[in-house]
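Below: one structure, written as structure tokens.
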Amino acid sequence: MATVNLSDYKPLNITNAEDFSIGIVFSEWNDFITYNLRDAALEILKKEGVKADNIKLFPVPGAFELNYASMQLCKERKYDAVIAIGCVIRGETPHFDYVCSAVAQGIKDCNILTDTPTIFCVLTDDTKEQSIARSGGDLGNKGVEAAVTALRMIDFKKNLSEKKGNIGFGHS
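For the sequence shown, our numbering begins at 13 and goes up steadily by one.
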């Protein structure tokens, strides 16, 4: 069980965040969790200065479909980052293991095969209570962490291309 509140973060103060374009793909399966994750990510992106018009939302039926939708958005090259939001809760069959592994590999592929940072915000919990705790409950909201990660990766990529490989910039 996580011991850190996922909603604890310090403002990033990234310059030009208002120009960032971010796609958020979210699963409608377990929507009582994924909508909380989505809303927390949206709140942080806006708080950090990303214009609402530069954030596009893409619902998909389930976690498995996050891979296809995320890859399509990455291939479009319209987004500075993609956030993939989902929730898989362990059941009585090995289905949980297959879906979790496939989704993790698919999001990894987006990062390896495209030039768009793709953020993994998929809860893979044993119980509904664990998912609730990580989506606005006692442990905060993993959507906050995903938004911060997306902004930091966009900043990393922009600084890397501007500095031509000098990584001595930005955040500690």
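Backbone N, C-alpha and C define an ideal beta-carbon position, used for all residues, glycine too.
Close-in-space but distant-in-sequence residues of the same chain around residue i (CB under 6 Å, 5 per side omitted)
i      : result
Asp137 : Ile101 and Ser143
Arg89  : none
Gly177 : Summary for Gly177: the model assigns pLDDT 49, below 50, so the residue's position carries little reliability; its value from the coordinates is reported in the next sentence. Excluding residues within five positions, none has a Cβ falling inside 6 Å.
Cβ distance (whole Å) where residue i is taken to contact residue j below 8 Å
i      : j      : result
Ile131 : Val156 : Not confirmed; about 12 Å, so no contact.
Lys154 : Arg146 : 5 Å
Thr128 : Tyr91  : 6 Å
Ser39  : Gly98  : 4 Å
Extent of the continuous alpha helix (DSSP H) to which residue i belongs
i      : result
Asp43  : Asp43 to Lys59
Ser82  : Leu78 to Glu88
Gly32  : What sits at residue 32 in the sequence shown is Phe, not Gly. Taken as a continuous stretch (DSSP letters only), Phe32 belongs to no alpha helix (DSSP H), as it is neither H nor E.
Ala145 : Lys140 to Ala145
Tyr110 : His107 to Leu125
Option in the options with minimal Cα separation from residue i
i      : options                          : result
Glu30  : Asn66, Tyr47, Tyr110 and Phe44   : Asn66
Ala158 : Ile45, Phe44 and Leu54           : Leu54
Lys59  : Ala116, Leu163 and Leu172        : Leu163
Ala52  : Cys112, Leu172, Gly149 and Asn28 : Gly149
Gly61  : Cys112, Asn28, Leu151 and Thr105 : Asn28
Close-in-space but distant-in-sequence residues of the same chain around residue i (CB under 7 Å, 5 per side omitted)
i     : result
Ala96 : Val37, Leu78, Ser82, Ile119, Thr130, Ile131, Phe132, Cys133 and Val134
Ser33 : Asn66, Lys90, Tyr91 and Asp92
Host beta strand (DSSP E) of residue i (start-end)
i      : result
Thr136 : Thr130 to Asp137
Leu69  : Ile67 to Val72
Val94  : Ala93 to Ile101
Cβ-based neighbour list, residue i, same chain, cut-off 8 Å, excluding 5 preceding and 5 following
i     : result
Phe70 : Gly35, Ile36, Val37, Phe38, Ala81 and Leu85
>> Below 8 Å, how does it come out for the region 103-123 and the region 21-32: are there three or more Cβ pairs, yes or no?
In response: no
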